[in-house]
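Residue numbering for the sequence shown follows our numbering, beginning at 1 and increasing consecutively. A short worksheet on the structure shown next.
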Amino acid sequence: MARALSNHLVVGAQWETLIGLEKEMVEIRNLARSRDASHFTVTDDGAGTRTVGLVSLPVDGAPDADVHGVALAAVLGSLVEGPNVAFIHPDPDDPARALFVTLRDHRPELDLDLPASQLKHRLEQWMAEVEGPVKVAGVMRMDLPHADVVITLDDIAAAARRDTAVEARLKPVRKALPVRQMRVAAVLMATLVVVGGGAYGGWTWYDAVQQEKLAAANRVDPVDAYKQALKRALAAESFSTGASYARHLQRTIQHLPANAGGWRPANIECKARRCDIEWRRREGGTFDLLLSQRPGAQIVDLDHAREVVTLPEDDATSARTVAASHDESEAVEDDGDARVAPVPRNQFLRTAGARLQALGDYGMDIALTMPVPLVPVPPGVGARKDVPPPISKGEWRMAGHLAFFDSVAGLMMRAGNMSLGELKIVIDDGKPVFSAQGTYYVH
C-alpha cells in the first residue's frame, strides 16, 4: 500500500499509461476501481504520453486536503535532468528499508519501498535493462555507486511546495453516484413530470421532448460506434504476454537442465502459457534416469520423450515469478512492470525499431511489418476533438543464435508495447538457434 511521509510526499504509487480510448477521467476512474485506489495524479512526458499514478492511502495516512500531498515520482523529473533517472533514499521511518523510484523516458515506472538489502541488486538490474544514459540521484550508501545528483526528501518536498503544478498534486478519486440515490432521483423526476403535466401545453411539450429523445437514440454517432469497435478490437488482443511474460519464459527455459539423466532438450515450442519440450536420448540415458529428474515427461519411443510445462497466470497489476520454487527475491524483480500499452509510432521506431536493426547488423534474422489500424477511423470525423487516436498494430520477428535469446525480453522491456506470440528453440548437434515473433501496438 502507498503511504504518505511526514513531509507530505507519497511513495508506492502504481503508474499506468493512459491509452485515451475514453475521456481521461473516465479511464482514470476505471483504473482506480480495478486497483482499489483512493487518490491519483497525472504526469506528462512532454511527447503527448500521459501517465496516471494511483495510490490507496489508509485513512490515517491520507494527505490533508489543504496541504495537497504530492507523489514523489511526479516531482522527481523536474529536479533531475535526463530521460532515465533512478532515485534512492533511506526510508525515513525504517532504517532497514529504502525508497527506490525510477523514471524511464521521462515517465514514472518503479515506485517501491523495499528492504535495503535488495536495493543494490534492483538498481543494477534496472540500469542493465535501460539502454541509454541513466542518472542516479538521492542519498547513496557506501556499497552503492556515487550519485550523479545528491538530493534529499526534504529537497523534493521543498520543490513540491514551491513549484509543483496543481496537476501533480494527489486528488481524490470521485465516486459514481450510488444506484439507490439515482433511483430516488429518477422517481422524484417522474413525479414532477406527472404533477407538472396537468396542463395541455405541458403535455404537448413533454411529448415533443420524448419524440426528440427517441429520434436521438435512433441516430448512431459515428465516433461512438468507432470507440465501441476499437474497444472490441483491443479486447481481442493479447496484452498479457508482454515483457514480464517474456522474462518469466526466459527464466523457465534457462532453468531447464542441459542434461537430465542422459537426455537433453532438443526442441522447445512455447505459445501463451504452454511450453512443449521434446527430450532426446543421448548415450547412457535411460527412462529411469529421465523420469527421476523430470517426472512429468511422457515417453514417446526409445529415444524421444515429451513434456508440457505450464506457466502460472500473472497478476493483473504486478507480475509474479514463473516457477513456484523461486525465492522471494526473484519475485520482487518483476514488481512494478508496466502493462503492454500503445506508444507513439515514431518513438517505437526510434527505440525498439532501431534496436532490431542493430541486432540485424550483428547477424540475427529480423523482420518488422509496418503497423495498420485495428479499426479505421470513420471518414469525416477526423477534426472532432472526441475522436480517440487511432491504434495500429504490426508484427515483429527475430531469430538467431541461442546466445542472443535474452535480447527478446530486453527489447520488449525497452519498448513496453510488444507482446510475444510464439517462441521456438532448436538444440541439435549443430548451432543452437531460436526464433520469436509477436505483435506491437502504436498510436
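Even glycine gets a Cβ: it sits at the ideal position worked out from N, Cα and C.
Euclidean distance between Cα positions of residue i and residue j
i: L142; j: D94; result: The residue asked about is misnamed: residue 142 is Met in this sequence, not Leu. Rounded to the nearest angstrom, the two C-alpha atoms are 18 Å apart.
i: I277; j: S78; result: 50 Å
i: A159; j: A128; result: 30 Å
i: K171; j: D207; result: 43 Å
i: L72; j: P92; result: 14 Å
i: S56; j: N259; result: 48 Å
i: A13; j: I268; result: 38 Å
i: C270; j: S34; result: 30 Å
i: P378; j: S392; result: 15 Å
i: D154; j: A37; result: 26 Å
i: E24; j: Y362; result: 43 Å
i: H146; j: H39; result: 35 Å
i: A229; j: G20; result: 14 Å
i: Y226; j: R350; result: 29 Å
i: D334; j: R306; result: At D334 the pLDDT is 46, less than 50, meaning the model places this residue with poor confidence; the figure from the coordinates comes in the next sentence. Cα to Cα, the separation comes out at about 30 Å.
i: G488; j: F348; result: One cannot answer for residue 488 here, as it falls past the ends of the chain, which runs 1 to 443.
i: F287; j: I253; result: 22 Å
i: Q293; j: A235; result: 40 Å
i: T41; j: R107; result: 13 Å
i: P222; j: V26; result: 20 Å
i: G430; j: R280; result: 15 Å
i: L291; j: H304; result: 12 Å
i: E16; j: L110; result: 11 Å
i: T241; j: R162; result: 42 Å
i: R414; j: K385; result: 31 Å
i: F87; j: G138; result: 5 Å
i: P83; j: L214; result: 52 Å
i: G400; j: M364; result: 5 Å
i: I425; j: R274; result: 14 Å
i: N346; j: A352; result: 10 Å
i: G421; j: P390; result: 23 Å
i: E212; j: V387; result: 25 Å
i: D45; j: G53; result: 13 Å
With 16 other Cβ atoms within 10 Å as the buried cut-off, status of residue i
i: Q298; result: exposed
i: W205; result: exposed
i: S117; result: exposed
i: Y440; result: buried
i: E412; result: Here residue 412 turns out to be Met, not Glu, going by the sequence shown. So M412 ends up on the buried side.
i: H443; result: buried
i: V309; result: buried
i: V136; result: buried
i: M370; result: exposed
i: A65; result: In this predicted model, A65 has a pLDDT of only 40, less than 50, meaning its place in the structure is not dependable; the value taken from the coordinates is given anyway. By the 10 Å Cβ count, A65 comes out exposed.
i: A403; result: exposed
i: A89; result: Note on residue identity: the sequence assigns His, not Ala, to residue 89. Result: buried.
i: G296; result: exposed
i: N30; result: exposed
i: T191; result: exposed
i: A338; result: Any reading at A338 needs caution, since the residue's pLDDT is 47, under 50, leaving its predicted position unreliable; the model's value is listed next. Buried.
i: R169; result: buried
i: A243; result: buried
i: L356; result: buried
i: M189; result: exposed
i: G380; result: exposed
i: L302; result: exposed
Proximity of residue i and residue j at Cβ, strictly below 8 Å
i: R104; j: L114; result: no
i: A96; j: P344; result: no
i: V85; j: L99; result: no
i: A4; j: V173; result: no
i: V340; j: S419; result: yes
i: L374; j: A233; result: yes
i: R264; j: I427; result: yes
i: A436; j: L423; result: yes
i: A358; j: W396; result: no
i: G262; j: R247; result: no
i: V101; j: V149; result: no
i: N417; j: P312; result: no
i: G69; j: V10; result: yes
i: Q250; j: F405; result: yes
Residue(s) in a DSSP beta bridge with residue i
i: F40; result: L54, K171
i: S392; result: P373, V442
i: D352; result: Looking at the sequence shown, residue 352 is not Asp but Ala. Partner(s): none; A352 has no beta bridge.
i: P265; result: W279
i: V150; result: G138
i: F434; result: G400, I425
i: L224; result: Correcting the residue identity first, residue 224 is Asp in this sequence and not Leu. None, per the DSSP bridge assignment.
i: V10; result: A4, A71
i: I28; result: Answer by DSSP bridge pairing: none, since I28 is not bridged.
i: R274; result: K271, T310
Residue-level contact to chain B via CB, residue i, 8 Å cutoff
i: Q118; result: Among the chains in the structure shown there is no chain B, since it carries only a single protein chain.
For the stretch 54-127, which segments carrying the alpha helix (DSSP H) assignment without a break, of at least 4 residues, lie completely within its bounds, in sequence order? The stretch 54-127 contains these whole alpha helix (DSSP H) runs: 72-79.
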